[in-house]
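Here this note's numbering is used: position 111 in the sequence shown is 91, and no number is missing along the way.
Glycine included, C-beta positions come from ideal geometry on N, C-alpha and C.
Predicted, not measured: the structure shown is a model, and the values here were computed from it.
First up is the structure itself, then whatever we jot down about it.
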Amino acid sequence: MRMILVGPPGAGKGTQAVHLVERFKISHISTGDMLRAAVSEGTELGKQADSYMKAGGLVPDDLVIAMVIERIGKPDCTKGFMLDGFPRTRPQAEALDVELQKAGVALDVVLQIEVPDDLIVARITGRRLDPDTGDIYHIKFKPPPKDIAGQVIQRKDDTEEACRARLEKYHSETAPIIPFYAAQGTLKRVDGNAAPDEVSRRIEQVLG
Ligand code: ADP
Ligand code: ADP
């Protein structure tokens, strides 16, 4: 299974990805997680990506494309993968297409999680992460258990200002990739405006 998750920041991509990678036994490739790891390790890529990420902008295509192509070439991806947060621009979608064609494989599904803009800021500013496990929580919608509550952290770019910048980028740069996948016949849409478990159920339904 080769799958893409697409949706605005805070749509619940990371939350839903956890169930999907378990179900399909595929590798979870989150470009946001990979870039944050590069920043905290202080690699050359991390140094270049840091300022874009803090401001809620997009990291330049050439850097992200090279990172993803290297990652999907790793042995664990032969059984399939879930791309979470990539592609985010038309050039990224086209580069991925070329790479998959070269490898003689195709995407099975592009799952779009739709959430209205007015819900996004509350989801993003309330997001918290367990730094040890990467588990995703929300101060209101999914509070961490007591033994975890003391150690959760907030992402540097989960401020209202950076969130609004990311949302704008989503509409101008990322939404235009959706017709590209609709034309390929791989696009499936899910309404993400419900509790996480209900969204999971809807995803199961559209995936069949
Ligand atoms: P969110 O969970 O809010 O959707 P991510 O964790 O996916 O955010 O990404 C965090 C940041 O990393 C983005 O705002 C952007 O700066 C950078 N990033 C992640 N994926 C990409 C990508 N495919 N292209 C460009 N920048 C990216
Ligand atoms: P994305 O990866 O698309 O940016 P996340 O999965 O990180 O989104 O979710 C963003 C925030 O919203 C997190 O705090 C998460 O706990 C919360 N969240 C995820 N799905 C839902 C949902 N269906 N309803 C309410 N809150 C949600």
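Counting along the chain, valine 19 sits inside the alpha helix (DSSP H) bounded by residues 11 to 21. Closest by C-alpha distance to proline 176, out of Tyr117, Ser152, Lys136, Tyr150, is Tyr117.
The DSSP-derived three-state label of lysine 59 is helix.
Looking at the backbone, the Cα of alanine 163 and that of valine -2 are separated by about 28 Å. In the displayed model, glutamine 131 falls within coil according to three-state DSSP, outside both helix and strand. 7 Å or more divides the Cβ of leucine 38 from the Cβ of lysine 126.
Chain order is used for the residues whose beta-carbon lies nearer than 5 Å to a heavy atom of ligand 2, namely Pro(-11), Gly(-10), Ala(-9), Gly(-8), Lys(-7), Gly(-6), Thr(-5), Arg103, Arg107, Ile116, His118, Phe121, Lys122, Pro176, Val179. DSSP places valine 85 in the coil class of the three-state scheme, outside both helix and strand. No heavy atom of ligand 1 is found nearer than 6 Å to the CB of valine 186.
A direct Cα-Cα distance of roughly 8 Å separates alanine 129 from proline 123. Our two residues, lysine 34 and aspartate 137, have alpha carbons roughly 5 Å apart in a direct line.
The stretch 149 to 160 and the stretch 41 to 58 do not touch, with fewer than 3 CB-CB distances between them shorter than 8 Å.
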